[in-house]
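Undergrad: The sequence shown finishes on residue 283 if you use full-length UniProt numbering, and the numbering steps up by one all the way, no holes.
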Amino acid sequence: MSNNNSRKPNEVIVNQTSITSEDESPILSKLKELLEAADGTDNCFPGLVLSIIGDSESYVPKPWNTVAFTSGLLQSIQGVKKSWVIYRGKTGGISRLIYDAFRETSNTKSPTEPKNKNKETFNNNTLIAIRPAKKIEKKGKDKVTEPNWCISLKSDFEDDQKPHPRRYKWFNRYVCHFLEKLSAEYTPLLSKENEKVLIKMRVPVLVIAVEGDQYTIHQIKEAIQRNIPVLLMKGSGKAVDFIIEYLQESSQVERENILKVNAPLLLEENGENTGTQPSYYNF
1 MSNNNSRKPN EVIVNQTSIT SEDESPILSK LKELLEAADG TDNCFPGLVL SIIGDSESYV
61 PKPWNTVAFT SGLLQSIQGV KKSWVIYRGK TGGISRLIYD AFRETSNTKS PTEPKNKNKE
121 TFNNNTLIAI RPAKKIEKKG KDKVTEPNWC ISLKSDFEDD QKPHPRRYKW FNRYVCHFLE
181 KLSAEYTPLL SKENEKVLIK MRVPVLVIAV EGDQYTIHQI KEAIQRNIPV LLMKGSGKAV
241 DFIIEYLQES SQVERENILK VNAPLLLEEN GENTGTQPSY YNF
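(1) Measure the alpha-carbon distance for SER183 versus GLU249 and round it to whole angstroms.
(2) Out of TRP84, SER56, ILE19, state which residue places its alpha-carbon closest to the alpha-carbon of LEU31.
(3) Strictly by DSSP, which residues pair up with TYR186?
(4) Taking the continuous alpha helix (DSSP H) assigned at PRO147, which residues delimit it?
(5) Would you mind working out which of ALA68, ILE220, LEU74, GLN252 sits nearest ARG103, comparing C-alpha positions?
(6) Counting along the chain, where does the beta strand (DSSP E) carrying SER76 start and finish?
(7) Below 8 Å between beta carbons: does that hold for PHE157 and THR17?
(8) Between ASN125 and chain D, is any beta-carbon pair separated by less than 8 Å?
(9) For THR20, which three-state DSSP category applies?
(10) Would you mind working out which of ALA263, LEU28, ILE217 sits nearest ILE86, comparing C-alpha positions?
(11) Going by DSSP in three states, VAL210 sits in which element: helix, strand or coil?
(12) Could you spell out where the alpha helix (DSSP H) holding PRO63 opens and where it closes?
(13) Mind checking whether ILE130 and VAL175 have CB atoms under 8 Å apart?
(14) Pull up the distance between the alpha-carbon of ARG96 and that of LYS90, whole angstroms please.
(15) Run through the DSSP bridge pairs and tell me what ALA129 is partnered with.
(16) Starting from ILE243, trace the alpha helix (DSSP H) in both directions and tell me its first and last residue.
(17) May I have the straight-line CA-CA distance separating PRO132 from GLY235, to the nearest angstrom?
(18) Please report the straight-line C-alpha distance between GLU245 and ILE258, rounded to a whole angstrom.
(19) Since VAL205 contacts LEU179 with CB under 8 Å, what's their CB separation in whole angstroms?
(20) In angstroms with no decimal places, state the Cα-to-Cα distance between LEU232 and ALA239.
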């Protein structure tokens, strides 16, 4: 991953807070441009797309087996000729785990890297960072760490006055809309060199949620509403374990208790009764 041009953020401007299934995906359009401009002939869509979510600012209450997680992640793409791993691209947390896991793999190179007779033009595994532009533009803080591609989403509307984490809900919608559109595209399933594609399939897309916060809960909700499958990593803590515990509980009374216990941590509130409906109902 040594090509500096490949790490330049490719900016995408959005001018609405929501996007429908009938709309074109600006993120997918940008990635298509990158594929078409890439040096080589293997510019088809990947055979597997994994979107890893769960980056958050707050402390993880208990350690979990991150080594097993990253090892399993790498094993899941070993049998795939070409894969995309989409993540937030932060310098710490889940993003750092993803980056460190893929940095040492010998087949992780830039898709736009110039031809070299001694190495492959296209890599098998491509890291793609997608995140709000505002975070990327802050110099010296939380800078994206060398993904193969970086997509920077910049809003053309005022979003700073909304409280965190609701500030970037529009971002979740656009990313999940992109995954929905990508899953409708086709990619070769079986093919031979210098021959026509024998079989095509739709691009498999899976969201993997680990740790997380209220922001992650909204991401999961958006993905499910767009029929994107979500894998919850049990034992990773925080929002993901809260969701699993809630789903596994059949008693509505116990579900209410689970919400009350977890809401202060996930919403960063002190849990005091204000006389209004608890905000955990907004999950």
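Positions of the beta carbon are idealized from the N, C-alpha and C atoms, including for glycine.
As the structure is a computational prediction, the values presented were derived from the model and not from experiment.
TA: Let me spell this out:
(1) Whole-angstrom Cα-Cα distance: 31 Å.
(2) Closest in C-alpha terms to LEU31, from the list TRP84, SER56, ILE19, comes TRP84.
(3) BP columns for TYR186 point to ARG202.
(4) Counting along the chain, PRO147 falls outside any alpha helix (DSSP H), and DSSP gives it neither H nor E.
(5) When each option's Cα is compared against that of ARG103, the closest is LEU74.
(6) Judged by DSSP secondary structure, SER76 falls outside any beta strand (DSSP E) and instead within the alpha helix (DSSP H) spanning 66-78.
(7) Yes, the Cβ-Cβ distance between PHE157 and THR17 is below 8 Å.
(8) Protein chains in the displayed structure number just one, and chain D is not present.
(9) Of the three classes helix, strand and coil, the one that applies to THR20 here is coil, per DSSP.
(10) It is LEU28.
(11) In the structure shown, VAL210 sits in coil (DSSP, three-state: anything other than H, G, I, E or B).
(12) Segment: none, PRO63 is in no alpha helix (DSSP H) and carries neither H nor E.
(13) Result yes, Cβ atoms of ILE130 and VAL175 sit closer than 8 Å.
(14) Distance from the CA atom of ARG96 to the CA atom of LYS90, rounded to whole angstroms, is 7 Å.
(15) Under DSSP, ALA129 takes part in a beta bridge, and its partners are TYR87, CYS150.
(16) Following the DSSP letters along the chain, one finds ILE243 inside the alpha helix (DSSP H) bounded by residues 238-248.
(17) Cα to Cα, the separation comes out at about 28 Å.
(18) Put simply, the backbone Cα of GLU245 is about 8 Å away from that of ILE258.
(19) That pair is a contact at about 5 Å.
(20) Per the coordinates, the alpha-carbon of LEU232 lies some 10 Å from the alpha-carbon of ALA239.
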